[in-house]
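Note that this note's numbering numbers the sequence shown so that position 64 is 64, with each residue one more than the last.
Below: the structure, in structure tokens.
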Amino acid sequence: MKAVSPRTLKSLNLVWLTSIALIDLGVVLALAAPEWVQAQTLTRLGMARLVFSLALPVLVLLVINVLPHDVKSMLVYWKPLGVLPGCQAFTRYGPSDKRVDMSALKRHVGVLPKDPAEQNAKWYKLYRQVGTEPEVAEAHRLFLLYRDMATVSLLLLALVLPALHYCGASTTAFWASAALFVVQYLLTALSARWSGVRFVCTVLAVHSTKKVNARKPVAAS
1 MKAVSPRTLK SLNLVWLTSI ALIDLGVVLA LAAPEWVQAQ TLTRLGMARL VFSLALPVLV
61 LLVINVLPHD VKSMLVYWKP LGVLPGCQAF TRYGPSDKRV DMSALKRHVG VLPKDPAEQN
121 AKWYKLYRQV GTEPEVAEAH RLFLLYRDMA TVSLLLLALV LPALHYCGAS TTAFWASAAL
181 FVVQYLLTAL SARWSGVRFV CTVLAVHSTK KVNARKPVAA S
């Protein structure tokens, strides 16, 4: 089976990330400059939004590739340490997932640690052994997608609102846009949390169903 690298997963997700950002900008533009949407006139706000829309795919790519994954994880989990679900893989998430046979898992992979850092390290080693499994790769892709969507939502919140204020957008357009990005951020951050847990448990489920032989490891983001 051909390995699916995190870089490939990010490339697959880039289309979705760019699409949601463009949709957001379209909604904001409709709120702040309806005259431009109706093609009657091109205000300075409309021109700024047009230029920003054209540059957005490059901006999204730069943010996703440059911003450290630890920072993006903190934006999802809202705490600086122990932010990854792998830190509770064997004490919380594995036992609560009906797909994971904890007794079989222990037989197949050995001692299951309880310390958060050791749990995450152990889980990471297990992931590297089964990262090419279709169900694991898909769970990983969804986690990366929602995590990066949450990051993009905050980025747009930080960039678009000052731009609207500078361009003299109406109060209604300003607060409606703020609400859009805040709600979108909260939804995608929560989705990233749930997807992260499913990602962790999917790795454990694979190992609990079979003894995985040593193979070339797969890197994670």
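Quick reminder that beta carbons are idealized off the backbone N, C-alpha and C, glycines included.
Please read these numbers as outputs of a predicted model, since none were measured by experiment.
{"Asked": "Residue 107 burial status per 10 Å Cβ neighbour count (16 or more: buried)", "Found": "exposed"}
{"Asked": "Within 7 Å, strictly: CB atoms of residue 149 and residue 209", "Found": "no"}
{"Asked": "Element boundaries [alpha helix (DSSP H), containing residue 193]", "Found": "171-209"}
{"Asked": "Between the CA atoms of residue 133 and residue 139 - distance to the nearest angstrom", "Found": "10 Å"}
{"Asked": "Option nearest residue 73 by Cα separation, candidates 62, 66 and 144", "Found": "144"}
{"Asked": "Residue 65 (DSSP reduced to helix, strand or coil)", "Found": "helix"}
{"Asked": "Residue 4 - DSSP class collapsed to helix/strand/coil", "Found": "Its pLDDT being 49, under 50, residue 4 is placed unreliably in this model, and the value from its coordinates should be taken loosely. Residue 4: coil per DSSP, three-state reduction."}
{"Asked": "7 Å Cβ shell around residue 192 - same chain, five flanking residues per side excluded", "Found": "76, 143, 146, 147 and 150"}
{"Asked": "Nearest residue (CA-CA) to residue 198, options 176, 95 and 110", "Found": "95"}
{"Asked": "Proximity winner among 119, 203 and 179, relative to residue 154 (alpha-carbon distances)", "Found": "179"}
{"Asked": "Buried or exposed (CB count within 10 angstroms, at least 16 for buried), residue 194", "Found": "exposed"}
{"Asked": "Through-space distance from residue 113 to residue 122, alpha-carbon basis", "Found": "8 Å"}
{"Asked": "For residue 133, the three-state DSSP class (helix, strand or coil)", "Found": "coil"}
{"Asked": "Close Cβ partners of residue 202 (< 6 Å) along its chain, the five nearest in sequence each way excluded", "Found": "135, 136 and 139"}
{"Asked": "Assumed close pair residue 159, residue 174 - CB separation to whole angstroms, cut-off 8 Å", "Found": "With a Cβ gap of about 14 Å, residue 159 and residue 174 do not count as contacting."}
{"Asked": "Residue 99 versus 212, 205, 213 and 211, residue with shortest Cα-Cα distance", "Found": "205"}
{"Asked": "Local Cβ density within 10 Å of residue 40, reported as buried at 16 or more and exposed below that", "Found": "Low confidence applies here, because residue 40 scores a pLDDT of 46, under 50, leaving its location unreliable; read the following figure in that light. Under this definition residue 40 is an exposed residue."}
{"Asked": "Best match in 128, 117, 177 and 211 for proximity to residue 86 [C-alpha to C-alpha]", "Found": "117"}
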